[in-house]
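Asks: Got a structure for you, questions after.
In the numbering used here, the protein residues as written are 782 to 922.
Encoded structure:
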């Protein structure tokens, strides 16, 4: 049975608590943790990046000069990608980056993370968490 020390607000050990071995002694699955973290970060993305193509840039409806007789290269629009002020060829467009994760995978990742924290003695349990006013200095003490 995994055990962890229970501390008070001053950092003194006041008791010892037994932890559920199904959660805090589970096999550590690095792949599951990685997959869940990557999915979480992907789900934070807004996906609103956009660039205008030649059809979305305003203007450029009239042919800049006639087809023949000028000695210049033929052009049909001033919004072509090779022109300054023209559209972008393969620019970004808004898209959905949402990744759905199976519930069992999320649970396995959470159990793995909690087990890893327990194994590295990074788990802190408080007997009570009360503050008179929300000040960081009180928590740091």
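Backbone N, C-alpha and C fix where the C-beta goes; we use that ideal spot for every residue, glycine too.
Computed from a predicted model, the values in this text were never measured in an experiment.
Between the C-alpha atoms of residue 873 and residue 922, what's the straight-line distance to the nearest angstrom?
Replies: One-based indexing of the chain shown puts residue 873 at position 92. One-based indexing of the chain shown puts residue 922 at position 141. Looking at the two C-alpha atoms, the distance is approximately 49 Å.
Asks: Tell me the rounded alpha-carbon separation between residue 851 and residue 844.
Replies: Residue numbering aside, residue 851 sits at position 70 when the chain shown is read from its first letter. Residue numbering aside, residue 844 sits at position 63 when the chain shown is read from its first letter. Rounded to whole angstroms, residue 851 to residue 844 spans 13 Å at the Cα level.
Asks: Nearest to residue 808 by CA position, among 898, 892, 865, 871, is which residue?
Replies: Here residue 808 is taken as the residue at index 27 of the chain shown, counted from 1. Ranking the options by Cα distance to residue 808, first place goes to 892.
Asks: Nearest to residue 896 by CA position, among 792, 811, 794, is which residue?
Replies: Along the chain shown, one-based indexing puts residue 896 at 115. Checking every option, the nearest Cα to that of residue 896 belongs to 811.
Asks: Between residue 817 and residue 886, which are expected to be in contact by the criterion C-beta below 8 Å, what is the C-beta distance as a whole number of angstroms?
Replies: In the chain shown, the residue the question calls residue 817 occupies position 36. In the chain shown, the residue the question calls residue 886 occupies position 105. About 7 Å separates the two Cβ atoms, so the contact holds.
Asks: Out of 792, 805, 784, 841, state which residue places its alpha-carbon closest to the alpha-carbon of residue 799.
Replies: Taking the first residue of the chain shown as 1, we reach residue 799 at position 18. Considering only alpha carbons, the answer is 784.
Asks: Using the three-state DSSP reduction, which class does residue 818 fall into: helix, strand or coil?
Replies: As a working mapping, residue 818 is identified with position 37 in the chain shown. Note: residue 818 maps to helix in three-state DSSP.
Asks: Decide if residue 890 is buried, meaning its Cβ has at least 16 other Cβ atoms within 10 Å, or exposed.
Replies: In the chain shown, counting from the first residue as 1, residue 890 sits at position 109. So residue 890 counts as buried.
Asks: Please state whether DSSP places residue 794 in a helix, a strand or coil.
Replies: Translated into the one-based positions of the chain shown, residue 794 becomes position 13. DSSP places residue 794 in strand when its eight states are reduced to three.
Asks: If you draw a straight line from the C-alpha of residue 857 to the C-alpha of residue 871, how long is it?
Replies: Position 76 of the chain shown, counted from the start, is the residue given in the question as residue 857. Position 90 of the chain shown, counted from the start, is the residue given in the question as residue 871. Roughly 20 Å separates the two Cα atoms.
Asks: Is DSSP giving residue 854 helix, strand or coil here?
Replies: For the purposes of this step, residue 854 is identified with residue 73 of the chain shown, where counting begins at 1. DSSP places residue 854 in coil when its eight states are reduced to three.
Asks: With distances taken from CA atoms, which of 860, 910, 822, 831 is nearest residue 880?
Replies: Counting from 1 along the chain shown, the entry for residue 880 is found at position 99. The option with the nearest alpha carbon to residue 880 is 822.
Asks: To which residues does DSSP link residue 799 through a beta bridge?
Replies: On the chain shown, residue 799 is found 18 positions in, with the first residue counted as 1. In the DSSP output, where bridge partners are listed per residue, residue 799 has 784.
Asks: On the three-state DSSP scale, how would you describe residue 891?
Replies: In the chain shown, residue 891 corresponds to position 110, counting from 1. Here residue 891 sits in helix by DSSP.
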